[in-house]
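One structure is given below, encoded as structure tokens.
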Amino acid sequence: MAFSPSMTHCIETRHLTVRRGGRKVLSDIHLQVSPGEFVAIVGKSGVGKSTLLHALAGHLPYSGEINIPKKIGMVFQQFAVFPWLTAKENIGFGLTMESKGKIELIDESLRLAGLEDKAQKYPAALSGGQQQRIAIARAIAHRPDVLLMDEPFGSLDAYTREQMQAWLLDVWRAHKTTVVLVTHDIEEALVLADRVIVLTDGKLGDEFDEFRPSLHGIDAKFSYQFLQMRQKITESL
Numbered sequence: 002m003a004f005s006p007s008m009t010h011c012i013e014t015r016h017l018t019v020r021r022g023g024r025k026v027l028s029d030i031h032l033q034v035s036p037g038e039f040v041a042i043v044g045k046s047g048v049g050k051s052t053l054l055h056a057l058a059g060h061l062p063y064s065g066e067i068n069i070p071k072k073i074g075m076v077f078q079q080f081a082v083f084p085w086l087t088a089k090e091n092i093g094f095g096l097t098m099e100s101k102g103k104i105e106l107i108d109e110s111l112r113l114a115g116l117e118d119k120a121q122k123y124p125a126a127l128s129g130g131q132q133q134r135i136a137i138a139r140a141i142a143h144r145p146d147v148l149l150m151d152e153p154f155g156s157l158d159a160y161t162r163e164q165m166q167a168w169l170l171d172v173w174r175a176h177k178t179t180v181v182l183v184t185h186d187i188e189e190a191l192v193l194a195d196r197v198i199v200l201t202d203g204k205l206g207d208e209f210d211e212f213r214p215s216l217h218g219i220d221a222k223f224s225y226q227f228l229q230m231r232q233k234i235t236e237s238l
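Numbering (the working numbering), first residue to last: 2 to 238.
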């Protein structure tokens, strides 16, 4: 279903169901996400998290209704960069605006990614975290109404992953793009999101939002409240 600008919610699904090979992968999903909200969907492997994102992006056939803006950015776990393009060329890929505005936007995105000094480097010369920054910066450069993120830091080591979480939180605060992130990492969800929703066996379950904004950020991981919420979410998986 087409997105209606008059809707209260930026994303809304009703009775969303996805079948594969005769089996229901997602069943009767009702999801509402407000403009500018950062929502994390958490769950174990194989429960349908990535399927939900791909359905929202329009990549899969489904039954039910999905209301979502047309301008969608998507970031995957695998570093989605073009190895034959420089960092600057990667970020600018697909931008169709006039040349002056395009150059300014690319330069702004490079600054956002903290990669001004790597602009002419090819992906092979960059770390995994830097490559993923390029992918995220490119998605944001297109000014999407919604950013869908599928385990974006899953391939990174623990230290780089934590750095990227802090960076993404800064980027989100600056742009307030509506974000839906799926992850199996409960701590990551708590650090980043306004609201955490549990997905179990293709169905949405418990929601957790009473902890915001006190747990936003890496430093919050060491608070008693953070540990309490992590335990609650773990028990609901």
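We put the beta carbon where it would ideally sit given N, CA and C, even for glycine.
Item to check | For F39, the three-state DSSP class (helix, strand or coil) | outcome: Strand at F39.
Item to check | Pick from L191, T87, R134, S128 that is closest to V76, judged by C-alpha positions | outcome: It is R134.
Checklist entry - Assuming L157 and G74 make a contact with CB atoms under 8 angstroms, what is their CB distance in whole Å? => result Wrong, their Cβ atoms sit about 19 angstroms apart, outside the cutoff.
Checklist entry - From I30 to T52, what does the alpha carbon distance come to, in whole angstroms? => result Looking at the two C-alpha atoms, the distance is approximately 12 angstroms.
Checklist entry - Between the C-alpha atoms of A41 and L169, what's the straight-line distance to the nearest angstrom? => result Distance between the alpha carbons of A41 and L169 is about 13 angstroms.
Checklist entry - Count the other CB atoms within 10 Å of the CB of T14; is the residue buried (16 or more) or exposed (fewer)? => result Buried, by the Cβ-count rule.
Checklist entry - Straight-line CA distance for M2 to L32? => result Note that M2 scores 47 on pLDDT, short of 50, meaning its location in the model is unreliable and no value can be drawn from it.
Next on the checklist: Any contact between the stretch 116-133 and the stretch 84-96? By contact I mean 3 or more CB pairs, one from each, below 8 angstroms.
Outcome noted: Taking one beta carbon from each stretch, the stretch 116-133 and the stretch 84-96 have 3 or more pairs nearer than 8 angstroms; the two touch.
Checklist entry - Quick one: does L27 have its CB under 9 angstroms from some CB of chain C? => result Of the protein chains in this structure there is only one, and it is not chain C.
Checklist entry - In three-state terms, what does DSSP make of R231? => result Helix at R231.
Next on the checklist: Could you give the first and the last residue of the continuous beta strand (DSSP E) run that contains H16?
Outcome noted: If you look at H16, you'll find it in the beta strand (DSSP E) that goes 12-21.
Checklist entry - Taking all protein chains shown into account, do 16 or more other C-beta atoms lie within 10 angstroms of the C-beta of G59, making it buried, or fewer, making it exposed? => result The residue in question, G59, is exposed, as its Cβ has fewer than 16 Cβ neighbours within 10 Å.
Next on the checklist: Taking contact to mean 3 or more Cβ pairs, one atom from each stretch, closer than 8 angstroms, check whether the stretch 227-237 and the stretch 191-207 are in contact.
Outcome noted: Yes, the stretch 227-237 touches the stretch 191-207.
Checklist entry - Which residue comes first and which comes last in the alpha helix (DSSP H) that contains G129? => result In the DSSP assignment, G129 falls within the alpha helix (DSSP H) that extends over 129-142.
Item to check | Boundaries of the alpha helix (DSSP H) in which G93 is found, first to last residue | outcome: Taken as a continuous stretch (DSSP letters only), the alpha helix (DSSP H) holding G93 covers 88-93.
Item to check | Among P153, G22, A125, the one whose alpha carbon lies nearest that of Q1 | outcome: Lying before the first or after the last residue shown, residue 1 is absent from the chain, which here runs from 2 to 238.
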